[in-house]
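Quick note: to get the working numbering, add 447 to the position in the sequence shown (first position is 1). Here a beta-carbon is modelled for each residue, glycine too, at the ideal position from N, C-alpha and C.
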Amino acid sequence: MKRVYNFSPGPSTLPLPVLERAAREMGDAYGTGQSVMEMSHRSKDFTPIIENTEQLLRELMGIPPRYKVLFLQGGASLQFAMIPLNIAAAEAGGARKKAAYIETGIWAKKAAEEAAKYVDVAVRASSADKRYACIPPAPAPDADDAYYHITLNNTIVGTKWGALPETGRVPLAADASSCILSEPLDVSRFGIIYAGAQKNLGPAGATVVIIREDLIGRAPSWTPAMLRYDIHAEEGSLYNTPPCYGIYMIGLVLEWLKDSGGVTAIARMNREKAGLFYGYLDSSRLFRPLAEKPFRSLMNIPFAPREEDPARRGALEERFLKEAAAQGLVNLAGHRLVGGLRASFYNAMPKAGVEALIRFMDTFKAF
Ligand SMILES: *Cc1c(COP(=O)(O)O)cnc(C)c1O
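Structure follows, in structure tokens:
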């Protein structure tokens with residue numbers, strides 16, 4: 448089998464033992480004589496699968512009992528709408544409520560723009576004028592903010608929050624798509640945490656929502672059933688057909704993570720991997736990291752040639768991507784909106800992949 452080191456920001460690399468196990472279980476999962484793809488979502492065969500995935504997530508993240516775990520569809524992008532709809536939208540003709548957003552990147556901005564359809568969005572701080580290279584100081588919420596939204600890890604620009612903002616009684620809502628399970632997180636600090644699966648959890652198609660129970664059941668009556676947390680919570684994520692295979696795959700990834708020592712152990716690995724790469728970039732004469740030091744992401748590391756001339760820089764990047772791919776180091780292009788280069792080191796990226804990338808960069812010749 449030919450495997451590359453895949454530095455894609457998402458969908459992204461999965462642990463090989465997980466893929467091999469899924470392959471073994473493809474036609475006959477757990478002695479049922481069926482693939483998980485073929486099972487009724489209401490059958491006694493599938494029930495233990497979804498229960499196991501939820502249980503592992505609760506255990507690995509330390510999710511308190513007063514939080515519900517939902518497996519939904521629509522990606523993180525649908526949560527940009529579901530959060531304001533369910534937590535703060537008004538009944539028809541009612542007064543609009545207000546929610547606070549911190550704009551730390553392109554996804555954070557999208558979340559705020561989508562929410563503005565349902566609530567009055569107050570962008571309390573933004574690092575847009577710094578090309579999102581830092582996390583701005585986070586002001587306290589207003590007492591009447593319905594919630595306070597942050598993007599924990601900014602996938603495109605490569606920054607992450609350090610200390611969380613103090614929001615008092617205002618629920619903290621967080622997009623954790625690109626950092627869930629990469630480091631320990633105190634779930635009790637949040638009202639709601641959400642993540643598309645395709646970065647650190649499994650294949651695209653399933654979305655995980657962790658929500659405090661008191662935030663469920665506030666949606667206005669005009670909310671479509673499929674977009675209501677209360678319906679999904681009451682039905683145990685089985686209101687309609689859930690992304691069954693994705694939920695199974697998340698379970699396998701979580702079992703792999705548990706066998707690898709859990710979140711504390713993987714966080715140590717993640718700091719080691721990112722530390723190696725930042726250390727290399729900081730001392731490189733050819734490349735430079737783009738995010739400011741105190742805010743650097745462990746998961747996504749955008750970088751660029753130090754070359755000032757845009758045309759020459761573009762040519763260098765193009766040759767870099769081509770030569771890297773020829774050595775089995777793929778998906779290193781920066782996001783189409785920001786350009787440059789980017790390496791994503793999610794949980795499943797082994798340290799050997801980071802070392803191979805550094806070895807390649809060390810031999811890469813500018814001209
Ligand atoms: C990838 C990503 C998204 C978009 O996720 P979808 O599942 O494609 O909707 C949103 N937020 C962050 C932080 C991301 O990394």
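- prompt: Rounded to a whole number of angstroms, what is the C-alpha to C-alpha distance between residue 442 and residue 449?
  reply: Nothing can be reported for residue 442: it is not among the residues displayed for the chain, which extend from 448 to 814.
message: Under 8 Å, with one C-beta from each stretch per pair, do the region 612-628 and the region 540-555 reach the 3-pair mark?
response: yes
- request: Please work out which residues of its chain come closer than 8 Å, Cβ to Cβ, to residue 763, disregarding the five sequence neighbours upstream and downstream, and give them in chain order.
  value: 752, 754 and 813
query: Around the C-beta of residue 671, are 16 or more other C-beta atoms found within 10 angstroms, so that it is buried, or is it exposed?
result: exposed
message: Given 7 Å as the limit, tell me if residue 455 has its C-beta closer than that to any heavy atom belonging to ligand 1.
response: no
Residue 804 versus residue 725: straight-line alpha-carbon distance, rounded: 12 Å
- request: Pull up the distance between the alpha-carbon of residue 580 and that of residue 735, whole angstroms please.
  value: 13 Å
query: Looking at residue 523 and ligand 1, is the gap between the Cβ and the nearest heavy atom below 7 Å?
result: yes
message: Let's see if you can read the secondary structure: which residues bound the beta strand (DSSP E) around residue 474?
response: No beta strand (DSSP E) contains residue 474, which DSSP labels as neither H nor E.
message: Looking only at its chain, what residues have a beta carbon closer than 8 Å to the beta carbon of residue 711, apart from the 5 residues adjacent to it on each side?
response: 631
- request: Measuring alpha carbon to alpha carbon, tell me which of 723, 680, 693 and 568 ends up nearest residue 513.
  value: 680
message: Would residue 658 and residue 496 qualify as a contact pair, given that the criterion is a beta-carbon distance under 8 Å?
response: no
query: Name the DSSP bridge partner or partners of residue 619?
result: 595
- prompt: In the DSSP assignment, what are the bridge partners of residue 518?
  reply: 655
query: Just the Cα atoms here: how many angstroms apart are residue 797 and residue 591?
result: 45 Å
- prompt: What number of angstroms, rounded off, separates the C-alpha of residue 484 from the C-alpha of residue 676?
  reply: 25 Å
Residue 844 versus residue 594: straight-line alpha-carbon distance, rounded: The question about residue 844 has no answer, for the chain in this structure spans 448 to 814.
- prompt: Nearest CA to the CA of residue 615: which residue from 629, 748, 808 and 586?
  reply: 586
- request: Under the assumption that residue 519 contacts residue 510 (Cβ atoms under 8 Å), give the Cβ distance between them as a whole number of angstroms.
  value: Wrong, their Cβ atoms sit about 16 Å apart, outside the cutoff.
- prompt: Would you say residue 646 and residue 459 are within 8 Å of each other, going by their C-beta atoms?
  reply: yes
- prompt: Counting Cβ pairs, one atom from each stretch, are 3 or more of them under 8 Å apart for the region 597-604 and the region 731-747?
  reply: yes
query: Counting pairs of Cβ atoms below 8 Å between the region 660-670 and the region 528-541, do you hit three or more?
result: yes
- request: May I have the straight-line CA-CA distance separating residue 689 from residue 704, to the nearest angstrom?
  value: 23 Å
task: Take the Cβ of residue 564 as the centre, count every other Cβ of all protein chains shown within 10 Å, and call the residue buried at 16 or more, exposed below.
output: exposed
- prompt: For ligand 1, any of its heavy atoms closer than 7 Å to the Cβ of residue 633?
  reply: no
message: Assuming residue 588 is part of the alpha helix (DSSP H), what are its boundary residues?
response: Taken as a continuous stretch (DSSP letters only), residue 588 belongs to no alpha helix (DSSP H), as it is neither H nor E.
Exposure of residue 498, with buried meaning 16 or more beta-carbon neighbours within 10 Å: exposed
message: Starting from residue 550, trace the beta strand (DSSP E) in both directions and tell me its first and last residue.
response: 545-550
field: Sequence-distant residues of the same chain with beta carbon closer than 6 Å to residue 547, five excluded per side
entry: 569, 571, 588, 592 and 595
query: Opposite residue 627 in the DSSP bridges: which residues?
result: Paired residue(s): none; residue 627 is not in a bridge.
task: Give a yes or no on whether the minimum CB-CB distance between residue 525 and chain B is below 8 Å.
output: The structure shown contains no chain B; it is built from a single protein chain.
query: Between 652, 720, 685 and 756, which lies nearest to residue 692 when the distance is taken from Cα to Cα?
result: 652
- request: Mind checking which residues open and close the alpha helix (DSSP H) that includes residue 641?
  value: Where residue 641 is concerned, there is no enclosing alpha helix (DSSP H), although the beta strand (DSSP E) it sits in stretches over 639-643.
message: Once the 5 residues before and after residue 599 are set aside, which same chain residues still bring their CB inside 6 Å of it?
response: 608, 621, 623 and 626
task: Over the uninterrupted alpha helix (DSSP H) stretch that includes residue 801, give me the two end residues.
output: 798-810
- prompt: Would you report the Cα separation of residue 663 and residue 709, rounded to the nearest angstrom?
  reply: 29 Å
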